[in-house]
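*Asks:* Could you have a look at this structure, given as structure tokens, before my questions?
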Ligand SMILES: Cc1cc2nc3c(=O)[nH]c(=O)nc-3n(C[C@H](O)[C@H](O)[C@H](O)COP(=O)(O)OP(=O)(O)OC[C@H]3O[C@@H](n4cnc5c(N)ncnc54)[C@H](O)[C@@H]3O)c2cc1C
Ligand code: FES
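Residue numbers (our numbering): 49 to 385.
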């Protein structure tokens with residue numbers, strides 16, 4: 049049994065049958081449908097079901113809330129049609145407009161940023177168009193693919209990544225030993241937590257550990273484009289030795305009056321003049337409301353969850369929070385993805 053699926057904004061009607069999802073069918077038909085994780089976790093493929101009916105496989109509440117589901121929104125990657133359907137992905141300014149590219153890249157340099165983070169520069173055979181804040185799947189030699197976020201400004205053919213070795217982690221450990229000349233396959237860009245350039249309200253850019261990668265891209269792009277609103281970068285790490293690029297961001301703060309850089313140490317082992325405590329507590333001390341702010345957050349899932357809860361408490365609008373929790377594949381598997 050197959051069903052006719054109309055995708056608004058395209059002139060195509062797809063024949064979809066079996067367990068094929070709307071996203072799989074659209075991509076097979078060559079439609080540039082926005083997507084990220086393909087597992088119901090990121091929300092990049094969020095769409096409106098204008099007519100028809102779908103069955104949805106497991107997905108995370110972060111990607112699609114119950115309220116959104118009740119309003120007729122679906123995740124195309126998790127939706128199998130059970131009737132003829134009419135589907136539209138969400139407004140263009142909210143969706144990613146860059147085509148997915150598969151690029152065979154070469155390691156240009158690997159620099160140690162902290163005891164457990166390397167900054168990797170990859171040379172791509174052609175420029176990768178992406179929006180600041182997006183990520184790509186990288187396949188290191190002999191390793192399974194993992195997601196890592198681009199740290200530089202979009203559109204170049206030299207791509208920067210920050211990779212933190214996590215305890216017991218396979219690929220992040222292998223990344224620490226990469227050498228110039230090694231080959232790395234890249235598939236991207238993906239993700240929805242990208243800089244909204246039309247927004248004119250304050251920007252809160254929040255990074256934990258190597259979550260600095262996408263946040264750096266967002267901050268640098270916003271400054272390079274001359275965005276004039278206050279831009280505050282909160283960078284949370286455990287101790288002094290976990291900080292990196294401090295001089296770089298202090299330099300940007302000296303150059304741009306609208307930019308401030310706030311490193312916060314959660315477990316300092318020595319006397320420090322820096323802010324201490326949890327990142328969300330530091331932000332809570334600085335803001336009485338987040339209404340009208342855009343909040344971009346990346347890093348360990350518990351940190352992102354705490355920032356999300358604070359943003360909700362301080363009246364940020366749900367559509368103004370753009371977060372990429374750095375879930376591992378095992379955490380995603382535990383959630384049934
Ligand atoms: C959108 C996104 C963007 C990201 N961007 C970045 C980035 O810019 N920089 C960055 O450093 N990271 C980033 N990450 C995280 C990155 O993708 C990897 O998850 C991380 O590097 C760990 O990968 P790994 O292969 O080293 O660990 P894995 O080998 O996948 O292990 C992860 C953890 O699971 C444990 N584990 C191993 N096997 C099992 C098992 N069978 N069952 C349960 N647990 C197990 C390990 O001990 C370890 O603690 C991002 C993640 C996402 C989702
Ligand atoms: S691509 Fe559908 S939720 Fe990530």
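Even for Gly, the Cβ is constructed at its ideal location relative to N, Cα and C.
(1) Could you tell me the alpha carbon to alpha carbon distance between residue 147 and residue 61, rounded to whole angstroms?
(2) Would you tell me roughly how many angstroms separate the C-alpha atoms of residue 392 and residue 110, rounded to the nearest one?
(3) Assuming residue 123 contacts residue 104 (C-beta within less than 8 Å), just tell me the rounded distance between them.
(4) So what does residue 254 bridge to, in DSSP terms?
(5) Could you give the residue range of the alpha helix (DSSP H) that holds residue 334?
(6) Taking C-beta to C-beta, are residue 77 and residue 100 nearer than 8 Å?
(7) Buried or exposed: which applies to residue 197, given that a residue is buried once 16 or more other Cβ atoms fall within 10 Å of its Cβ?
(8) Say yes only if the C-beta of residue 215 is nearer than 7 Å to one or more non-hydrogen atoms of ligand 1, and no if none qualify.
(9) Would you mind working out which of 230, 234, 161 and 204 sits nearest residue 213, comparing C-alpha positions?
(10) Assign residue 303 to buried or exposed, taking buried as 16 or more other Cβ atoms, counted over all protein chains shown, within 10 Å of its Cβ.
(11) Am I right that residue 314 and residue 284 are in contact with their C-beta atoms under 8 Å? What's the rounded C-beta distance?
(12) Write down the C-beta distance between residue 300 and residue 271 rounded to the nearest angstrom, noting that I regard them as a contact closer than 8 Å.
(13) Within the present structure, is the beta-carbon of residue 263 separated from the nearest heavy atom of ligand 1 by less than 7 Å?
(14) From residue 201 to residue 181, what does the alpha carbon distance come to, in whole angstroms?
(15) Would you say residue 218 touches ligand 2, meaning its beta carbon is less than 7 Å from a heavy atom?
(16) Can you list, in chain order, the residues of its chain with a C-beta nearer than 6 Å to that of residue 193? Leave out the 5 residues immediately preceding and following it.
(17) When burial is assigned at 16 or more other CB atoms within 10 Å of the CB, is residue 248 buried or exposed?
(18) Might you give, ordered along the chain, the residues of its own chain that have their beta carbon closer than 6 Å to the beta carbon of residue 339, omitting 5 neighbours on each side?
(19) Flag residue 178 as yes when its Cβ comes closer than 7 Å to any non-hydrogen atom of ligand 1, and as no otherwise.
(20) When the Cβ atoms of the segment 230 to 245 are set against those of the segment 360 to 375, are three or more pairs found closer than 8 Å?
*Replies:* Concretely, from the data shown:
(1) 21 Å
(2) The displayed coordinates of the chain run from 49 to 385. Any statement about residue 392 would go beyond what the structure contains.
(3) Beta-carbon to beta-carbon, residue 123 and residue 104 are separated by about 7 Å, close enough to satisfy the 8 Å threshold.
(4) 282 and 345
(5) Start and end: 327 to 334.
(6) no
(7) buried
(8) yes
(9) For residue 213, the nearest C-alpha among the options comes from 161.
(10) Under this definition residue 303 is an exposed residue.
(11) 6 Å
(12) That belief holds up - the Cβ atoms of residue 300 and residue 271 are roughly 6 Å apart, short of 8 Å.
(13) Checking the Cβ of residue 263 against ligand 1 gives no.
(14) Going from the Cα of residue 201 to the Cα of residue 181 covers about 9 Å.
(15) no
(16) 185 and 187
(17) exposed
(18) 363
(19) no
(20) Taking 8 Å as the limit for Cβ pairs, the verdict is that the segment 360 to 375 does touch the segment 230 to 245.
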